[in-house]
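Trainee: Mind having a look at this structure? Questions to follow.
Put into structure tokens, the structure is as follows:
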């Protein structure tokens, strides 16, 4: 083996070689040897670099080792390695890692400690320890464990505080939280929390029932202490979500009445009305209050109530005033009660009229609806006056809202004799049929909506059938007025059975026909009436169609869209439909006469004088006669002044004499002709 | 306007009280002479008073007092609400 060179330069050269190969350990050793003799700053610097590199490599090794420990969950060993590495490098991340691992090591001990305390039944201590862990680790799991231990320790208030704000998913936590809430008197929150538990266990059901009982009792206690009825009412409504306990219902109604009364005294009418959006039953006091609140609000708002407000006012007001229990409470004698009712109705009607007059078509419909509701309820009131056990009557819209239509329909059905006729009976009944909602929409001119609602109808009694026909009829009429002829024909022909049951609709359809003189309404009406007539013939429809045909044909002729012959034919058809159609008759005479004159002129122009004579003879009018003889007179004069040969003149005059003789042998023109012939020295042959 | 408010009288006010209240209201000048006179006229006319009584008063106080609900029979005890172990299966 070759011996290593020992001169300082040789050692230094070796050191450099090692350094270049990054063998810092060997390089350092050689540099140190070389420096013993050479004593150079350059070598010292190199030694420092080597030392630093060596330390770095050691730290890397330590970190690697620490990570291996962590993989094997040997946290304590890992911490030692990280600490050594930190001592070497001083890197900040190592410091943080060491801190984190130390906390984990400490926590594990605390968790063990807490579990031990919990297992031993020392819940306050366990809660304390879990609390510390929750604080250090910001862990929701530790918070739940702490809260559970607080429940076990019956520290309800602290348990609630711990659970609050956490989204719970573990059934035990949900249950514990609910229990703690109930123990704190927060029954509603408890029951709401427990709604997250899917358990039908009888013990749990019994416990829920107990909580509800506690809640109801608590409400009663507060009621006796005259707590705010509004608050109690709201709370009682919340309990209703969990139970339909009869005690609760009574309590709720009582609180609500108190609440509404307070609102009345404070003149908070709008709030009363808002409250009624949630009320589905028809308690007499509430009905009266709602009606009065509506009146007062209508008065306050003048022209500016919403349409919904007016309609609601209409139904509550009219229903309240016809309720047997409401006006009876007022100290007026029985005879005066009807007078009072009428006065109150009139005052309300003024308000509705004021609203209707101030707005557009929609506002005007409010008055239509008022009139319908009033008419119907007044009939029902009169009907029920003799019925001791009958139900209180209501308006159609009220019946729809409070599900009383069937009851009212039954009352109407059972008292057929009360009504003037079938139409009156069935029309009134239709407002309480299962199609009543659609019918009310028709009153509001919401035709599309009304028609769509027909799809939802299930029952098909006689009132419903009638209502359906009326909706189809009104929709068809609406289509006719808006120019949708196709749908007008479809729905008005569908609705023709309605005309057998009620006279009103047929009159409504035909009544307009006499006042239409313009296109395109004339054509639309003619098309529709022809289609309806195919389904149902009646004098009314014949008359209307006759009028429309006459008007339409005249309109078309005036606008050069049909000739006089077509006009003549159509007018004859119109007259056939309605012989009393004076317009058609007069026009036809005129057209006839004009036609004859045209024919007469044509015959004269073509010198077909025999034909001309026949026209004049057959005509019942004076004009062709006059035209004919004027023509002759004019020709006599023309002939007299002409340069024609005498013989020719005589020939023509004789012809003319013959024609005149055929038409009227006593006409004075014959004398003129004889005279002219005499003047020419001859006589009539 | 509510005539009862204008005159500051209750529903049970008699003729004499109404007239006195009207005189007082005129002196106070909170409302115009026309308003006060109309209010007095309306309240002195029995038919018009009946309408006003209906419009401005509610009658359910007495009925409400009669229907005040009573405490349900047996009062439950919060102590009976014991913790169940039903839900401890998956802590």
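Chains as they are written, first to last, in this note's numbering: chain A, 1 to 685; chain B, 686 to 776. Ideal Cβ placement from N, Cα and C applies to all residues, glycine included. These numbers come from a predicted model, not from an experiment.
Across the stretch 306-317 of chain A and the stretch 700-715 of chain B, are there enough close Cβ pairs to call them in contact, namely three or more that are closer than 8 Å?
Mentor: no
Trainee: At least one CB of chain A closer than 9 Å to the CB of residue 754 (chain B): is that the case?
Mentor: yes
Trainee: I want to see whether chain B comes within less than 9 Å of residue 213 (chain A), judged by CB atoms only; does it?
Mentor: With respect to chain B, the C-beta atom of residue 213 (chain A) has a partner C-beta closer than 9 Å.
Trainee: Is it buried or exposed, residue 709 (chain B), if we count other Cβ atoms within 10 angstroms and call 16 or more buried?
Mentor: exposed
Trainee: With DSSP as the reference, label residue 229 (chain A) as helix, strand or coil.
Mentor: helix
Trainee: Within the 9 Å Cβ cut-off, does residue 117 (chain A) reach chain B?
Mentor: no
Trainee: Out of A:70, A:508, A:377, state which residue places its alpha-carbon closest to the alpha-carbon of residue 481 (chain A).
Mentor: A:508
Trainee: Please confirm if residue 207 (chain A) has its CB atom under 9 Å from at least one CB of chain B.
Mentor: yes
Trainee: At a CB-CB cut-off below 8 Å, which residues of chain B make contact with residue 199 (chain A)?
Mentor: 771, 772
Trainee: Which residues in chain B sit within 7 Å of residue 344 (chain A), going by Cβ to Cβ distance?
Mentor: Going along chain B in sequence order, the residues near residue 344 (chain A) (Cβ under 7 Å) are 736, 739.
Trainee: Taking just the CA atoms, how far does residue 129 (chain A) sit from residue 110 (chain A)?
Mentor: 7 Å
Trainee: Between residue 663 (chain A) and the rest of its own chain, which residues show a CB-CB distance below 8 Å, the 5 nearest in sequence each way excluded?
Mentor: 613, 616, 617, 625, 628, 629
Trainee: Just reading off the alpha helix (DSSP H) that residue 71 (chain A) is part of, what are its end residues?
Mentor: 41-71
Trainee: Quick check on residue 703 (chain B) - is its C-beta less than 9 Å from some C-beta in chain A?
Mentor: no
Trainee: Quick one: Cα of residue 763 (chain B) to Cα of residue 214 (chain A), how far?
Mentor: 7 Å
Trainee: Within the continuous alpha helix (DSSP H) that includes residue 476 (chain A), where are the two ends?
Mentor: 462-481
Trainee: What residues of chain A sit near residue 765 (chain B), judged by a beta carbon separation below 7 Å?
Mentor: 210
Trainee: Where do the N-terminal and C-terminal ends of the alpha helix (DSSP H) with residue 290 (chain A) fall, by residue?
Mentor: 284-301
Trainee: Between residue 273 (chain A) and chain B, is there a C-beta pair that is closer than 9 Å?
Mentor: Output row for residue 273 (chain A): interface = no.
Trainee: Closest Cβ-Cβ distance between residue 789 (chain B) and chain A: below 9 Å?
Mentor: Residue 789 (chain B) cannot be examined here, being either before or after the span of chain B that is shown, 686 to 776.
Trainee: Is there a C-beta anywhere in chain A that falls below 9 Å from the one on residue 712 (chain B)?
Mentor: no
Trainee: Which of helix, strand or coil does DSSP assign to residue 434 (chain A)?
Mentor: coil
Trainee: List the residues of chain A whose Cβ lies closer than 9 Å to the Cβ of residue 768 (chain B), in chain order.
Mentor: 151, 152, 154, 175, 176, 179
Trainee: Is the stretch 764-774 of chain B close to the stretch 171-189 of chain A, with three or more CB pairs under 8 Å?
Mentor: yes
Trainee: When you compare only the Cα positions, how much space is there between residue 346 (chain A) and residue 240 (chain A)?
Mentor: Cα to Cα, residue 346 (chain A) sits roughly 40 Å from residue 240 (chain A).
Trainee: Mapping DSSP to helix, strand and coil, what is residue 718 (chain B)?
Mentor: helix
Trainee: What's the gap between the Cα of residue 677 (chain A) and the Cα of residue 646 (chain A)?
Mentor: 10 Å
Trainee: Scan the stretch 528-564 of chain A and note each continuous alpha helix (DSSP H) run of 4 residues or more that stays entirely inside, going in chain order.
Mentor: Counting only runs of 4 or more residues that sit fully inside the stretch 528-564 of chain A, the alpha helix (DSSP H) segments are 539-558, in chain order.
Trainee: For residue 692 (chain B), would you say it is in contact with chain A, using Cβ-to-Cβ distances shorter than 9 Å as the test?
Mentor: no
Trainee: Counting only Cβ-Cβ distances shorter than 7 Å, please list the residues of the stretch 281-299 of chain A near chain B, keeping chain order.
Mentor: 285, 288, 289, 292, 295
Trainee: May I have the straight-line CA-CA distance separating residue 296 (chain A) from residue 512 (chain A), to the nearest angstrom?
Mentor: Near 40 Å, if we compare the C-alpha coordinates of residue 512 (chain A) and residue 296 (chain A).
Trainee: Examine chain A for any beta-carbon lying closer than 9 Å to the beta-carbon of residue 706 (chain B), and answer yes or no.
Mentor: no
Trainee: My output table needs one value for residue 728 (chain B): the three-state DSSP class, helix, strand or coil.
Mentor: In the structure shown, residue 728 (chain B) sits in a helix (DSSP, three-state: H, G or I).
Trainee: Under a three-way DSSP split, which group does residue 647 (chain A) fall into?
Mentor: helix
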